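In mature numbering (1 follows the signal peptide of the UniProt record, and there is no 0), the protein residues as written are -28 to -1, 1 to 204.
Yeah, the Cβ is synthetic: ideal placement off N, Cα and C, and Gly gets one too.
Treat the numbers as computed from the prediction; the structure is a model and nothing was measured.
First the structure, in the form of structure tokens, and then the observations on it.
In structure tokens:
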């Protein structure tokens, strides 16, 4: 099997229990209450785009003083779970070695290359798990052998500024399978990504080394820290 951009190669295989500990809050079931402690006076759309819009929310705070908040809203396909997208924590086993699969992707908003989990939008009619498996195949070329875990609820990506929510899928990839012998990406024109494999045993040190040249997605860094904490 061709190993794309293998940064390090990770030794021993870790248990599913350790993986679930590592993702911690990312896999927590946290349905947020709809009741607000603020009185919403009005909302204005300052900008309406194809994929997102900017809303200015005017409200009355708990002390009775007026306030204003700017919210970037993600426009996506409607689904019952009200989930905008899905991230895939993919563990690949090949030749007795274990890796985690990431995307090195150029992002126009940050004007930088980033390191991210594979993932994308949950299309109408898709379950989060189905969306995760599809996005994994499109962005990395790898076919998931098994889905080990899938988060529930809605995980907010940046609740101070965005209404964006996601779920996380933990997938196992058999790198020795013929299905994954020659993985090929199927990217959109607007996507510029490379597949990065990082040895599990060296995950956090490798992330810390890569941060000198890449911006690391916050959920990736959180996962790496949580994964390292299992040995503390």
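- Beta-bridge analysis with DSSP links residue 143 to 62 and 119.
- Here residue 196 carries a helix assignment [DSSP, helix/strand/coil].
- Under the three-pair Cβ rule at 8 angstroms, the segment 27 to 45 does not count as touching the segment 120 to 129.
- In terms of Cβ geometry, residue 58 and residue 141 form a close pair [threshold 7 angstroms].
- The beta carbon of residue 149 lies closer than 8 angstroms to those of 115 and 117 in the same chain, with the five residues before and after it left out.
- DSSP places residue 101 in the uninterrupted alpha helix (DSSP H) bounded by 100 to 112.
- For residue 85, the CB contacts under 8 angstroms within the same chain, skipping 5 residues up- and downstream, are 76, 77, 78, 79, 185, 186 and 187 in chain order.
- Counting only the Cα atoms, residue 196 lies some 8 angstroms from residue 179.
- Look at the beta carbons and you see the segment 7 to 27 touching the segment 41 to 61: at least three pairs across the two are nearer than 8 angstroms.
- With contacts defined as CB atoms closer than 7 angstroms, residue 71 and residue 169 qualify as a contacting pair.
- Collapsing the DSSP output to three states places residue 177 in a helix.
- Residue 124 is positioned such that its CB atom lies no closer than 7 angstroms to that of residue 55.
- For residue 153, the three-state secondary structure derived from DSSP is coil.
- Burial state of residue 32 is exposed, judged by a 10 Å Cβ sphere holding fewer than 16 other Cβ atoms.
- If you check the CB distance, residue 81 and residue 107 do not come in under 7 angstroms.
- By the Cβ neighbour-count rule, residue 204 is exposed, with fewer than 16 other Cβ atoms within 10 Å of its own.
- Our two residues, residue 26 and residue 20, have alpha carbons roughly 7 angstroms apart in a direct line.
- The Cβ atoms of residue 63 and residue 100 lie no closer than 7 angstroms to each other.
- Residue 181 is classed as exposed because its beta carbon has fewer than 16 other beta carbons within 10 Å across all chains shown.
- Secondary structure of residue 96 (DSSP, three-state): coil.
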